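See structure below.
Residue numbers (the numbering used here): 3 to 284.
Structure below.
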């Protein structure tokens, strides 16, 4: 077996607001955590280490009750250019199969962690958003983009399959099977306007407003019934593997749980008093 560095892990203690990442930026303001990929001179590519630290941060967020929403963005006018050519792609050429599988499993664990964390994730996307960057955007719950955004699932163009990090499962659910097939088979760039028209972007804004718009959206979710929001995210993920009848039964249970929350009571009492409910996430 070729020499393979052990898989790195990062000890992230709670609360997350006190953690200082080594490979990206993290800011927690109010109930919203903002993650910024921060290698702007190279359009924010990922490394082995940033993959692992992002994975561990999203795992930790599962247990941080103070954070209710997450924003992911990139510095310097670009979102993410994917895996670093010289720090990831070139070293992978010398790995044996177990070493390659270690890497592809680790990258997939990042997407699993994003989908498992209960907080809705809002991606703020400007400029380049390709390869693994497009996957991170895809794995988010909501996406705010710009006309300058360029989204591409480039795997086919570097001799790889489009089935990377869950793309063949998740992307068709966002934009439809035919459109996902086109992007994954060709690796072509999807413009910002096309991404909004196809439903990949939830909304399109100017570049100078993309981060503030994403944060405003995240803050609005944080001000809502956050326990119920986390239940919605969980059920949307779980129901991919259910029949319609199973989904209806699962949602009946989930909704009954939400009806026992104080937020549900607050909503009724506010409605009865002709006031706006102030949710507290419990």
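In this text, a Cβ means the ideal position worked out from N, Cα and C, and glycines have one as well. Computed from a prediction, not measured in an experiment: that's the story for all the values here.
Judged by DSSP secondary structure, residue 61 falls outside any beta strand (DSSP E) and instead within the alpha helix (DSSP H) spanning 50-63.
Three or more beta-carbon pairs separated by less than 8 Å are not found between the stretch 97-106 and the stretch 63-71, which leaves the two stretches without contact.
The secondary-structure analysis by DSSP pairs residue 144 across a beta bridge with 124. Within the DSSP secondary-structure output, residue 152 pairs in a beta bridge with 130, 193. Distance between residue 30 and residue 93, taken at the CA atoms: about 34 Å. Excluding residues up to 5 positions away in sequence, 148 lie with their Cβ nearer than 7 Å to the Cβ of residue 208 in the same chain. Scanning 198, 110, 22 for the CA closest to the CA of residue 137 turns up 110. Linking residue 113 to residue 269 through their CA atoms gives a straight-line distance of about 34 Å. Look at residue 97 here: in three-state DSSP terms it is coil, with no helix or strand label. Residues 72, 74, 116, 142, 143 of the same chain have their beta carbon placed closer than 7 Å to that of residue 123, with the five preceding and five following residues left out of the count. Between residue 237 and residue 252, the C-beta spacing is below 8 Å. In the DSSP assignment, residue 38 falls within the unbroken beta strand (DSSP E) covering 34-39.
In this structure, the alpha-carbon of residue 23 lies about 19 Å from that of residue 84.
The criterion of a C-beta distance shorter than 8 Å is not satisfied by residue 173 and residue 156.
Around the Cβ of residue 17, a 10 Å sphere holds fewer than 16 other Cβ atoms; the residue is exposed. C-alpha of residue 139 to C-alpha of residue 247: approximately 31 Å in a straight line. Around the CB of residue 277, fewer than 16 other CB atoms lie within 10 Å, so the residue is classed as exposed.
As the crow flies, the alpha-carbon of residue 28 is around 32 Å from that of residue 159.
Per the DSSP secondary-structure output, residue 205 pairs in a beta bridge with 146. Taking a C-beta distance under 8 Å as the contact criterion, residue 281 and residue 225 qualify as a contact pair.
According to the DSSP assignment, residue 68 belongs to no alpha helix (DSSP H), since it is labelled neither H nor E.
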